[in-house]
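Report on one structure; see the data block that follows.
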Amino acid sequence: MSGTFVGMPAFPEAAHDAVNNRTLRGNLRHATHTIRAKRAKAVAEVSDWAALREAGKQIKDHTLRHLDRYLVQLEESVTAAGGTVHWAADADEANRIVTRLVKETGETEVVKVKSMATQEIALNEALEAEGIRAYETDLAELIVQLGKDRPSHILVPAIHRNRGEIRDIFRSEMGAWGRPAPEGLTDTPAELADAARLHLREKFLRAKVGVSGANFMVAETGTLVVVESEGNGRMCLTLPETLISVVGIEKIVPTWQDLEVFLQTLPRSSTAERMNPYTSTWTGTTDGDGPRTFHLVLLDNGRTDTLADEVGRQALRCIRCSACLNVCPVYERAGGHAYGSVYPGPIGAILSPQLRGTASEIDASLPYASSLCGACYEVCPVAIDIPEVLVHLRERIVEGGPVTREGAKVVLKPAKGHAAERAAMRGARWAFSHPGALRAGQRLASRTRRFHPRTLPGPGKAWSASRDLPEVPAEPFRDWWQRTHGGKDAK
Amino acid sequence: MSSRDVILGRVRRALADVSDDTPYEQAVDRSYLREHGARSVAETVDLLAENLADYRAIVHRCTADGLPAVIAGLLADRGSTSVLVPPGLDGEWLAATGVPRVPDRADSTAHELDRVDSVVTACTVAIAETGTLVLDGGPEQGRRRVTLVPDHHICVVRVPDQVVSSVPQALLRLDPTRPLTWISGPSATSDIELDRVEGVHGPRILEVVLVSGRPGAVTA
Ligand code: SF4
Numbered sequence: 309m310s311g312t313f314v315g316m317p318a319f320p321e322a323a324h325d326a327v328n329n330r331t332l333r334g335n336l337r338h339a340t341h342t343i344r345a346k347r348a349k350a351v352a353e354v355s356d357w358a359a360l361r362e363a364g365k366q367i368k369d370h371t372l373r374h375l376d377r378y379l380v381q382l383e384e385s386v387t388a389a390g391g392t393v394h395w396a397a398d399a400d401e402a403n404r405i406v407t408r409l410v411k412e413t414g415e416t417e418v419v420k421v422k423s424m425a426t427q428e429i430a431l432n433e434a435l436e437a438e439g440i441r442a443y444e445t446d447l448a449e450l451i452v453q454l455g456k457d458r459p460s461h462i463l464v465p466a467i468h469r470n471r472g473e474i475r476d477i478f479r480s481e482m483g484a485w486g487r488p489a490p491e492g493l494t495d496t497p498a499e500l501a502d503a504a505r506l507h508l509r510e511k512f513l514r515a516k517v518g519v520s521g522a523n524f525m526v527a528e529t530g531t532l533v534v535v536e537s538e539g540n541g542r543m544c545l546t547l548p549e550t551l552i553s554v555v556g557i558e559k560i561v562p563t564w565q566d567l568e569v570f571l572q573t574l575p576r577s578s579t580a581e582r583m584n585p586y587t588s589t590w591t592g593t594t595d596g597d598g599p600r601t602f603h604l605v606l607l608d609n610g611r612t613d614t615l616a617d618e619v620g621r622q623a624l625r626c627i628r629c630s631a632c633l634n635v636c637p638v639y640e641r642a643g644g645h646a647y648g649s650v651y652p653g654p655i656g657a658i659l660s661p662q663l664r665g666t667a668s669e670i671d672a673s674l675p676y677a678s679s680l681c682g683a684c685y686e687v688c689p690v691a692i693d694i695p696e697v698l699v700h701l702r703e704r705i706v707e708g709g710p711v712t713r714e715g716a717k718v719v720l721k722p723a724k725g726h727a728a729e730r731a732a733m734r735g736a737r738w739a740f741s742h743p744g745a746l747r748a749g750q751r752l753a754s755r756t757r758r759f760h761p762r763t764l765p766g767p768g769k770a771w772s773a774s775r776d777l778p779e780v781p782a783e784p785f786r787d788w789w790q791r792t793h794g795g796k797d798a799k
Numbered sequence: 004m005s006s007r008d009v010i011l012g013r014v015r016r017a018l019a020d021v022s023d024d025t026p027y028e029q030a031v032d033r034s035y036l037r038e039h040g041a042r043s044v045a046e047t048v049d050l051l052a053e054n055l056a057d058y059r060a061i062v063h064r065c066t067a068d069g070l071p072a073v074i075a076g077l078l079a080d081r082g083s084t085s086v087l088v089p090p091g092l093d094g095e096w097l098a099a100t101g102v103p104r105v106p107d108r109a110d111s112t113a114h115e116l117d118r119v120d121s122v123v124t125a126c127t128v129a130i131a132e133t134g135t136l137v138l139d140g141g142p143e144q145g146r147r148r149v150t151l152v153p154d155h156h157i158c159v160v161r162v163p164d165q166v167v168s169s170v171p172q173a174l175l176r177l178d179p180t181r182p183l184t185w186i187s188g189p190s191a192t193s194d195i196e197l198d199r200v201e202g203v204h205g206p207r208i209l210e211v212v213l214v215s216g217r218p219g220a221v222t223a
């Protein structure tokens, strides 16, 4: 399946390299801590946060439980509004559909607004292979694309790059893609942004085809919603004659009113703003305003398999706010690339192995890319219990069991490779040098101890066949000490 | 079998364990607030002004009679040599300026719009709690691209009737069949080391004029 970063080492090796990269760690630490602090403030401003979070969870859960019905309703309303709906079971099919639609326009270039779904299916590469050039227009995506790099964060994809690096990339690469960087470009953010503005404006003004994702789709009205900051989204959604939106089937909400929940929780959770600078909504096509032709490609690509897992399906509630990345101690040190997928951080650790299956070493190691400290669950605006899903997936990988792949039920064999094990070991080493995370992790380990394997997988199997692994105690030692000694002398 | 049938079939099989048939109306607890805090009408308008300014929009306030002079002043201050005008814009608003007007025509190209300095529009609703203006493409707001390509956007908000407190209240007033643009401050990015920079692609300058009263009305 495409979407895997080809040749990626499993998480532990990738993380090991990343942790040794000082620049990367410095950039990441600065960024995640800044966003984290701002977010807490933005959330504190709304007194009903807990109720909004619960409502968001309920709306998404309800939709997922009746997804077939809402998909059909959405198809009807988009069609009635003048759009055309296409269904894509996997990445290849989605890419084929989009390529065909672009070719039918006779164009050989498209402008794109940042979209996780099109990254997931590697659309740019598929278009390139057919002679169609896709221009990313989000400033960070432009930096990533010009730098022949990969995004490392959902919200700030170039978070791993500092201003000096960005200037160097602009100077050396812009010319090959269009308007070159201005003479004497310095590394001030304002100048860099201006160079990007000039470079991209040339593309927007001549673009005939735009490609987007969407944050939400409203079943009742057929409305699509894109939330952004820079205006490149508005450019891609309104200037071209043809608009093609590729959207995961889980992005549906039933009614227009439901947006009142997510338009409050999403901006505050992601950019820590009361509202992001631009939100666009469109319902099919409008005479004389915006594209004359609108195509919606509904993407499965592992989502229905994820839906089939009773514990794991909650990952489909995700609204991609990225809050869980910014609080994750593992992400902060390892960076987004170590996850080897377009979805990094805690959500990536549960979503990628479900969308793609755990056949590859990287996917099998992802559920171990966590200290189970629970911070991701606390911040999640749709209350996804990421630690619960992580433990569930670890159990699946170690013990095997029934899973759904491409719509068919299969029984997963216990992991033979060493990836999971090695990841677990490294995870343990990391956790033991970080007592805070260990404490939180132990609490969860106790709660979930019935899931822990009694025998070791891989080469340890023979050893453990005649021995039981030590059981995780019902209560972590530290908690017991705290409780019985009131924390006295605990230090 | 079509992919549509494949996907819908997979969804149905995936949900075989689900027996929940709670209707939508009862599935969601809507006990969250319709607005945050109690405010008088004037306070709501003040909050709008405050939050707009907090997001680096430049806020001006005037009466309806003073509006033409304010707009003329803003265009002069920016040194604008052309101003884009949506078809249904109240002609009076531009009565005091001599800056050449560019009508928004259906066949004008993006390149033509790119040569215009400023644009003046109305809005359909403004949200105080978030500092947001919503445009719905109506005749006095123009097509979506007119407020996007020029670098300087002047948006006129009639207060208090176009102002609501909150996002839930705004959605009630909006028509989802129209293309909507929600604007909270000028275009911005924080992609470079999280330093906020205005105007990567959209207008770099957003000026909001809060207008009270009707023209010719006697104001105390
Ligand atoms: S899992 Fe939750 S916190 Fe993480 S990106 Fe998704 S919605 Fe946001």
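Order-wise, the sequence lines are chains S and X.
Just so you know, we're using the working numbering here: the first sequence kicks off at 309 and counts up by one.
Just so you know, we're using the working numbering here: the second sequence kicks off at 4 and counts up by one.
Positions of the beta carbon are idealized from the N, C-alpha and C atoms, including for glycine.
- For valine 464 of chain S, the nearest CB of chain X lies under 7 Å from its own CB, placing it at the interface with that chain.
- Between the segment 477-491 of chain S and the segment 524-540 of chain S, the count of C-beta pairs closer than 8 Å stays below three; the two stretches do not touch.
- In the structure shown, aspartate 400 of chain S falls within a helical segment according to DSSP collapsed to helix, strand and coil.
- Counting every other CB atom within 10 Å of its CB across the protein chains shown gives serine 190 of chain X a total of 16 or more, marking it as buried.
- The residue from S:Asp617, S:Asn403 and S:Leu447 with its alpha-carbon nearest to that of leucine 604 of chain S is S:Asn403.
- When DSSP assignments are scanned along the segment 410-471 of chain S, the uninterrupted stretches of beta strand (DSSP E) that are 3 or more residues long and fall wholly within it turn out to be 417-420 and 441-444.
- Residue pairing for leucine 87 of chain X: DSSP places it in a beta bridge opposite X:Val105 and X:Val122.
- For leucine 615 of chain S, the closest alpha carbon among the candidates S:Arg373, S:Arg347 and S:Ala683 is that of S:Arg373.
- Look at isoleucine 10 of chain X: its C-beta is under 7 Å from a C-beta on chain S.
- Across the set S:Glu618, S:Pro675 and S:Ala484, the C-alpha of S:Pro675 shows the shortest separation from the C-alpha of proline 661 of chain S.
- Along the segment 555-587 of chain S, the positions whose C-beta sits under 9 Å from a C-beta of chain X are Ile557, Pro562, Thr563, Trp564, Gln565, Asp566, Leu567, Glu568, Val569, Leu571, Gln572, Pro575, Thr579, Glu581, Arg582, Met583, Asn584, Pro585, Tyr586 and Thr587, read in chain order.
- For histidine 155 of chain X, the three-state secondary structure derived from DSSP is strand.
- Within 6 Å of the C-beta of isoleucine 10 of chain X there is not a single heavy atom belonging to the ligand SF4.
- Residue-level contact by beta carbon holds for threonine 529 of chain S and chain X, with a gap shorter than 7 Å.
- Along the segment 78-109 of chain X, the positions whose C-beta sits under 8 Å from a C-beta of chain S are Ala109, read in chain order.
- Near chain X, meaning a CB-to-CB distance below 7 Å, the residues of the segment 346-372 of chain S are Val354, Ser355, Asp356, Ala359, Leu360, Glu362, Ala363, Gln366, Ile367 and His370.
- Three or more beta-carbon pairs separated by less than 8 Å link the segment 181-200 of chain X to the segment 128-147 of chain X, which places the two stretches in contact.
- Between the ligand SF4 and the CB of serine 630 of chain S, the shortest heavy atom gap is smaller than 6 Å.
- Interface criterion not met: the Cβ of asparagine 403 of chain S is under 7 Å from no Cβ in chain X.
- Apart from the 5 residues on each side of it in sequence, glutamate 528 of chain S sits with its Cβ closer than 8 Å to the Cβ of Gln381, Ser385, Pro562, Thr563 and Trp564 in its chain, given in chain order.
- One finds nothing in chain S with a Cβ atom closer than 8 Å to the Cβ of proline 153 of chain X; even the nearest lies about 12 Å away.
- Within the segment 163-180 of chain X, contact with chain S at the beta-carbon level (separation under 7 Å) is assigned to Val170, Pro171, Leu174, Pro179 and Thr180.
- Along the segment 124-146 of chain X, the positions whose C-beta sits under 8 Å from a C-beta of chain S are Ile130, Glu132, Thr133, Gly134, Thr135, Gly140 and Arg146, read in chain order.
- Note on geometry: alpha-carbon atoms of glycine 648 of chain S and valine 119 of chain X lie some 45 Å from one another.
- The DSSP assignment places 631-635, 637-642, 653-664, 669-673 and 683-687 as complete runs of the alpha helix (DSSP H) inside the segment 615-701 of chain S, in order along the chain (cut-off: 4 residues).
- With respect to the C-alpha of asparagine 634 of chain S, the residue from S:Thr331, S:Phe319, S:Arg333 and S:Arg337 having the closest C-alpha is S:Arg337.
- For the C-beta of glycine 188 of chain X, the chain S residues within less than 7 Å are, from N- to C-terminus, Pro585.
- Judged by DSSP in its simplified three-state form, leucine 136 of chain X adopts strand.
- Look at histidine 63 of chain X: its C-beta is not under 7 Å from any C-beta on chain S.
- Within the segment 486-571 of chain S, the complete alpha helix (DSSP H) runs of at least 4 residues fall at 497-514 and 540-546.
- For valine 105 of chain X, the CB contacts under 6 Å within the same chain, skipping 5 residues up- and downstream, are Ser85, Leu87 and Val119 in chain order.
- Rounded to the nearest whole angstrom, the C-alpha separation of threonine 579 of chain S and leucine 463 of chain S is 8 Å.
- Take the alpha-carbon of aspartate 595 of chain S and the one of glycine 391 of chain S: they are about 13 Å apart.
- Counting along the chain, isoleucine 195 of chain X sits inside no alpha helix (DSSP H), nor does DSSP assign it H or E at all.
- Here DSSP, grouped into helix, strand and coil, assigns proline 171 of chain X to helix.
- Annotation: the continuous beta strand (DSSP E) that includes threonine 66 of chain X extends over 61-66.
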